[in-house]
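Contents: one structure, followed by commentary.
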């Protein structure tokens with residue numbers, strides 16, 4: 054077994070770092086003040102010496118993909134909500150720009166500085182305050198690593214309604230700030246549906262206290278929802294309460310080989326019909342993804358033959374016999390209908406883990422193939438792969454170009470990575486804005502789960518009506534009138 | 054069988070109407086203009102004669118409970134989003150106050166006028182625009198009646214992830230504006246999690262177009278979430294896209310008799326353990342509720358004996374054999390543990406419907422017992438009934454007083470109705486603010502699912518921190534600077 058994505062932070066596979074400001078040469082630094090010694094002294098007075106870093110900041114300056122980097126000279130790591138408030142209050146008074154940072158595992162350059170913004174790291178706010186074993190609710194601080202949270206609530210028979218490859222590094226606060234998607238949306242719904250309460254610090258240092266453990270609470274506007282997915286541009290999430298599903302008693306998995314994406318869709322539909330409430334993941338990958346994972350990372354496919362597409366379905370339920378019977382019936386129907394020509398069910402937890410690791414290691418495997426132009430779009434299911442075919446077509450004359458695609462079938466969320474041997478501006482100009490125009494034409498989303506960050510901010514108009522963008526700006530002005538919170542991110546800066 | 058709540062609109066059981074302004078004598082009409090003939094002409098020009106009503110307006114002026122009434126002289130029913138926009142633009146320019154109104158089935162006086170506000174009825178915006186049978190998504194207008202929506206998507210094998218007693222009258226737009234709860238939250242989560250897109254008209258006539266059918270879409274702030282639960286105070290929801298769960302193949306139900314609320318909790322926990330993913334309702338009622346439904350409405354209990362409490366559990370799944378086996382195992386464990394002393398499983402759809410009708414007819418049955426002071430609070434599950442006991446205690450010397458309680462166990466949502474023979478100001482002074490203070494002390498919600506409306510607006514501080522209330526006011530000012538949208542509702546007006 055090869056470690057999954059969460060370890061890759063330590064060993065970047067690709068070193069094509071481009072400074073945010075170089076990636077977008079037309080992007081100018083905002084009219085923020087520069088940090089003085091007096092500011093550093095002030096911050097040290099708030100968080101103490103151990104909460105201040107001014108050296109060896111590469112890890113904070115550069116994104117996980119090693120594609121965007123800023124040049125902050127100051128990282129502040131508060132230990133309490135009051136310290137976060139005091140830090141932000143000073144930043145706001147002094148017009149110092151701030152990037153809130155969780156595990157820094159984002160894929161759109163949203164969590165690292167572009168210029169010299171101060172990094173406000175949540176890494177020391179990592180307390181799991183309380184687990185209610187009866188109600189299935191966890192209260193914790195924003196800097197808790199997802200895997201740690203998952204392990205801890207697992208001891209009480211619960212699971213976190215969110216799972217993704219970066220689980221070993223990402224913070225729950227960052228998951229909320231970016232509204233992370235991942236593997237379990239088909240089962241537990243979008244993350245925002247599981248958030249019961251939240252405490253947030255506003256840029257002026259006000260603490261917005263929306264902590265609550267109530268499963269139903271219709272007392273006024275649900276303001277926390279605005280912060281979920283706001284990517285640190287409105288304030289800093291410091292505490293959260295989450296509703297937890299019970300840990301499943303049985304988890305089963307099957308991997309099927311298909312000849313076409315239409316067959317993947319047929320497999321998906323049969324699995325929804327047969328498996329109903331126990332479906333917990335519906336993933337696909339194309340042949341380039343599978344061969345890259347096999348050849349580059351040495352993770353063997355459990356299927357004997359190669360296929361154009363692979364469909365992976367997971368079930369999680371409370372009764373092993375019932376779940377196995379449902380999955381077996383499903384596989385039978387799949388083969389009867391001819392929409393898969395090959396398939397295997399995991400016979401043990403290890404085999405299931407191995408199958409899922411094939412899916413989870415696609416991103417690092419493709420990165421080793423060449424320079425990846427990353428897209429994460431949602432589309433009506435029938436168009437998920439036709440867009441990939443179109444991109445292959447527009448790149449047909451670019452030497453050495455390839456496209457690998459995979460994703461979450463149930464949500465129409467396709468991750469596709471056009472790849473060239475090196476970064477190629479011509480290839481990029483063929484892909485963009487073509488991809489965004491097509492997604493817009495199909496009424497899809499140009500960012501299904503990764504968010505806008507720096508990289509996609511200027512493309513917001515392809516997924517949002519001008520009326521919505523104007524309202525987003527109005528709301529940004531309400532929460533952050535001085536614009537110090539994560540500038541250049543989420544909202545377009547080129548107009 | 055007796056018709057359930059949705060029919061009661063036509064036959065009010067109680068006629069203690071109190072004008073909103075009489076209920077709160079200190080509430081003064083806002084400085085809005087009064088409607089002139091010129092205004093009516095202008096509105097007629099926008100929506101046509103058939104969209105204007107100036108007579109026989111009781112139904113629009115009075116709430117479903119017949120406890121709050123205003124005295125509007127004008128009801129406008131637009132047929133399109135453009136007409137809604139033109140109407141609101143004129144109201145905003147002329148400073149005319151507006152109440153958006155759906156099915157007018159709310160329980161907190163939120164959907165009817167308090168003084169002479171114009172009623173903007175969504176009743177003619179009732180088109181089900183599109184059902185995507187593959188993706189399981191419905192697009193419709195706000196004025197579609199929940200039951201009609203449910204029937205229509207049922208033809209395609211889907212169900213609406215929301216169900217409540219008022220299904221035959223309430224509109225889906227009102228369900229969203231009030232973030233209706235109901236019976237299925239334990240299974241499908243809160244309604245806001247199923248909303249994919251929404252179009253809203255702002256008070257100034259701007260159309261905020263957030264229509265989308267994407268299951269994942271992380272492109273900026275999720276502004277629609279602010280309108281969900283805003284009770285018409287920020288704008289008017291005109292269109293919505295909802296994600297639909299598959300219709301279950303098998304629905305089963307059991308009713309258990311318990312000697313104490315602790316036993317109800319034990320039954321609930323066992324049912325979650327044994328039934329896991331197929332649980333679709335976990336309801337309780339106390340003896341007063343059961344006897345009222347039996348005696349007043351003639352709906353017989355299927356249990357031979359009377360009990361202090363009743364626990365009703367419903368399952369919805371894709372495999373009848375599996376589901377029955379799970380439910381039977383559950384009931385066995387319940388009896389083994391001794392937490393229920395009696396119980397019955399529904400052997401047919403009719404029996405299941407009858408069991409559920411016992412639960413759904415509690416509200417009308419209790420109303421016939423006397424004057425109901427209605428509360429809908431959420432609490433940690435272990436405190437759900439102890440608060441009811443406390444209220445019984447404080448009312449012990451009030452002649453003829455009773456308290457009936459029922460609700461949704463999984464969400465800690467208890468509906469309890471103190472009852473006196475007639476409205477009794479002394480009783481009310483014993484109950485309030487006592488109930489709100491207790492709920493606040495227990496960190497519960499003073500409105501689990503009914504919302505704030507007119508009746509609870511001034512109690513917001515018991516569930517929301519001052520920082521949250523201040524931010525709500527700021528947001529209200531952004532969306533509705535002239536304050537014309539549903540004044541006196543949701544936000545406190547007494548400070």
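Residue numbers (the numbering used here), protein chains in the order written: chain A, 54 to 548; chain B, 54 to 548.
Glycine included, each C-beta is placed from N, C-alpha and C at the ideal position.
So, does the region 434-454 of chain B touch the region 395-404 of chain B, judging by three or more C-beta pairs under 8 Å? no
Indicate the three-state DSSP secondary structure (helix, strand or coil) for residue 512/B in the structure shown. Stepping through the second chain from its first residue, residue 512/B is reached at position 459. If DSSP states are grouped into helix, strand and coil, residue 512/B belongs with the helices.
For the region 370-398 of chain B, which residues have a CB atom closer than 8 Å to at least one CB atom of chain A, in sequence order? 370, 371, 372, 375, 378 and 379
Can you give me the Cβ contacts of residue 495/A inside the same chain, cut-off strictly under 6 Å, excluding the 5 residues immediately before and after it? Counted from its first residue, the first chain places residue 495/A at position 442. For residue 495/A, same chain residues with a beta-carbon under 6 Å away, outside a window of 5 residues either side, are 432 and 436 in chain order.
Whole angstroms are fine: how far does the CA of residue 529/B sit from the CA of residue 216/A? Working through the first chain from its first residue, we reach residue 216/A at position 163. Working through the second chain from its first residue, we reach residue 529/B at position 476. Rounded to the nearest angstrom, the two C-alpha atoms are 36 Å apart.
Compute the Euclidean distance between the alpha carbons of residue 536/B and residue 373/A, then round it to the nearest angstrom. Along the second chain, read from residue 1 onward, the residue named residue 536/B stands at position 483. Along the first chain, read from residue 1 onward, the residue named residue 373/A stands at position 320. Cα to Cα, the separation comes out at about 57 Å.
Proximity winner among 414/B, 454/B and 393/B, relative to residue 483/B (alpha-carbon distances): Within the second chain, residue 483/B is the residue found at index 430, counting from 1. Ranking 414/B, 454/B and 393/B by Cα distance to residue 483/B puts 454/B first.
Own chain residues within Cβ distance below 7 Å of residue 358/B, not counting five before or after: Counting from one through the second chain, the residue named residue 358/B turns up at place 305. Excluding residues within five positions, the ones whose Cβ falls inside 7 Å are 310 and 395.
I want to see whether chain B comes within less than 8 Å of residue 69/A, judged by CB atoms only; does it? As a first step, residue 69/A must be located in the first chain, where it is residue number 16. Here the model assigns residue 69/A a pLDDT of 43, short of 50, so the residue's position is not dependable and the matter cannot be decided.
Cβ separation of residue 194/A and residue 292/A, assumed to be a contact under 8 Å, to the nearest whole Å: To locate residue 194/A, count along the first chain from 1; it is residue 141. To locate residue 292/A, count along the first chain from 1; it is residue 239. Correct: roughly 6 Å between the Cβ atoms.
Just how far apart, CA to CA, sit residue 115/B and residue 506/A? Counted from its first residue, the second chain places residue 115/B at position 62. Counted from its first residue, the first chain places residue 506/A at position 453. Roughly 49 Å between the two C-alpha positions.
Residue 90/A: first and last residue of the uninterrupted alpha helix (DSSP H) it sits in: Counting from 1 along the first chain, the entry for residue 90/A is found at position 37. Here the alpha helix (DSSP H) through residue 90/A covers 90-100.
At the level of alpha carbons, what is the spacing between residue 84/B and residue 254/A? Here residue 84/B corresponds to residue number 31 of the second chain, with the count starting at 1. Here residue 254/A corresponds to residue number 201 of the first chain, with the count starting at 1. Cα to Cα, residue 84/B sits roughly 36 Å from residue 254/A.
Candidates 299/B, 230/B and 102/B, of which the one nearest residue 239/A by Cα: As a working note, residue 239/A is residue 186 in the first chain. Of 299/B, 230/B and 102/B, the residue nearest in Cα terms is 299/B.
Following the continuous beta strand (DSSP E) through residue 307/B, name the residue where it begins and the one where it ends. To locate residue 307/B, count along the second chain from 1; it is residue 254. Following the DSSP letters along the chain, one finds residue 307/B inside the beta strand (DSSP E) bounded by residues 303-311.
Could you name the residues of the same chain whose beta carbon sits closer than 6 Å to that of residue 321/A, not counting the 5 residues immediately before and after it, in chain order? Residue mapping note: residue 321/A aligns to position 268 of the first chain, counting from 1. The beta carbon of residue 321/A lies closer than 6 Å to those of 335 and 462 in the same chain, with the five residues before and after it left out.
So residue 330/B contacts chain A; which residues on that side make the cut at Cβ distance below 7 Å? For the purposes of this step, residue 330/B is taken as residue 277 along the second chain, with counting starting at 1. Residues of chain A with a Cβ closer than 7 Å to the Cβ of residue 330/B are, in chain order, 330, 331, 370 and 371.
Quick one: residues in its chain with C-beta nearer than 7 Å to the C-beta of residue 209/A, no 5 flanking neighbours on either side, listed in chain order? Sequence index remark: in the first chain, residue 209/A carries index 156 (1-based). If we look at residue 209/A and ignore the five residues flanking it on each side, its Cβ neighbours are 184 and 186.
Taking Cβ to Cβ, would you say residue 286/B is nearer than 8 Å to residue 543/B? Working through the second chain from its first residue, we reach residue 286/B at position 233. Working through the second chain from its first residue, we reach residue 543/B at position 490. Cβ atoms of residue 286/B and residue 543/B: closer than 8 Å.
Taking contact to mean at least 3 C-beta pairs separated by less than 8 Å, is the region 166-176 of chain B in contact with the region 99-114 of chain B? Remark: three or more beta-carbon pairs, one from each stretch, lie closer than 8 Å, so the region 166-176 of chain B and the region 99-114 of chain B are flagged as touching.
According to DSSP, residue 458/B sits in a beta bridge with which residue or residues? Walking along the second chain from the start, residue 458/B turns up at place 405. Answer is 469/B, bridged to residue 458/B.
Taking 8 Å as the cut-off, decide whether the C-beta atoms of residue 409/A and residue 306/A are in contact. Reading the first chain from its first residue, position 356 is the one you call residue 409/A. Reading the first chain from its first residue, position 253 is the one you call residue 306/A. In contact: residue 409/A and residue 306/A (Cβ atoms closer than 8 Å).
Distance check for residue 188/B and residue 345/A, CA to CA, integer angstroms please. Locating residue 345/A in the first chain gives position 292, counting from the first residue. Locating residue 188/B in the second chain gives position 135, counting from the first residue. If I take the Cα positions, the gap works out to 31 Å.
Which partner residues of residue 416/B appear in the DSSP bridge assignment? Mapped onto the second chain, residue 416/B falls at position 363. DSSP output for residue 416/B lists no bridge partner at all.
Along the chain, which unbroken stretches of the beta strand (DSSP E) at least 3 residues long are found entirely within the region 214-265 of chain A? 248-254 and 260-263
Between which two residues does the beta strand (DSSP E) harbouring residue 153/A extend? Walking along the first chain from the start, residue 153/A turns up at place 100. First-last of the beta strand (DSSP E) with residue 153/A: 151-154.
Taking only runs of the alpha helix (DSSP H) that begin and end inside the region 277-303 of chain B, which ones reach a length of at least 4 residues, in chain order? Segments of the alpha helix (DSSP H) lying fully in the region 277-303 of chain B: 277-280.
For residue 271/B versus residue 500/A, is the C-beta distance shorter than 8 Å? The count along the second chain starts at 1 and reaches residue 271/B at position 218. The count along the first chain starts at 1 and reaches residue 500/A at position 447. A contact, by the Cβ cut-off of 8 Å.
Regarding residue 447/B and the ligand GDP, is the C-beta to nearest heavy atom distance less than 7 Å? The model on display carries no ligand, and the ligand GDP is accordingly not part of it.
Partners in chain A for residue 142/B, counting only beta-carbon separations shorter than 9 Å: Residue 142/B sits at position 89 when you count from the first residue of the second chain. None at all; the shortest Cβ gap to chain A is about 14 Å.
If we count Cβ pairs, one from each stretch, closer than 8 Å, do we get three or more for the region 385-392 of chain A versus the region 314-328 of chain A? Touching, yes.
With DSSP run on the structure shown, which of helix, strand or coil describes residue 68/B? As a first step, residue 68/B is located in the second chain; it is residue number 15 there, counting from the start. Its pLDDT being 37, under 50, residue 68/B is placed unreliably in this model, and the value from its coordinates should be taken loosely. The answer is coil: DSSP assigns residue 68/B none of H, G, I, E or B.
Would you verify that the beta carbon of residue 290/A is, or is not, closer than 8 Å to some beta carbon of chain B? On the first chain, position 237 is the one that residue 290/A refers to. Answer no: the Cβ-Cβ gap between residue 290/A and chain B never drops below 8 Å.
I'd like to confirm the pairing. Which residues does DSSP put opposite residue 425/A in its beta bridges? Within the first chain, the letter at position 372 stands for residue 425/A. DSSP lists 472/A as partners of residue 425/A.
Any beta carbon from chain B within less than 8 Å of residue 184/A's own beta carbon? Mapped onto the first chain, residue 184/A falls at position 131. Residue 184/A does not count as touching chain B.
According to DSSP, simplified to helix, strand and coil, what is residue 189/B? By 1-based counting over the second chain, the position of residue 189/B is 136. Reduced to three states, the DSSP call for residue 189/B is coil.
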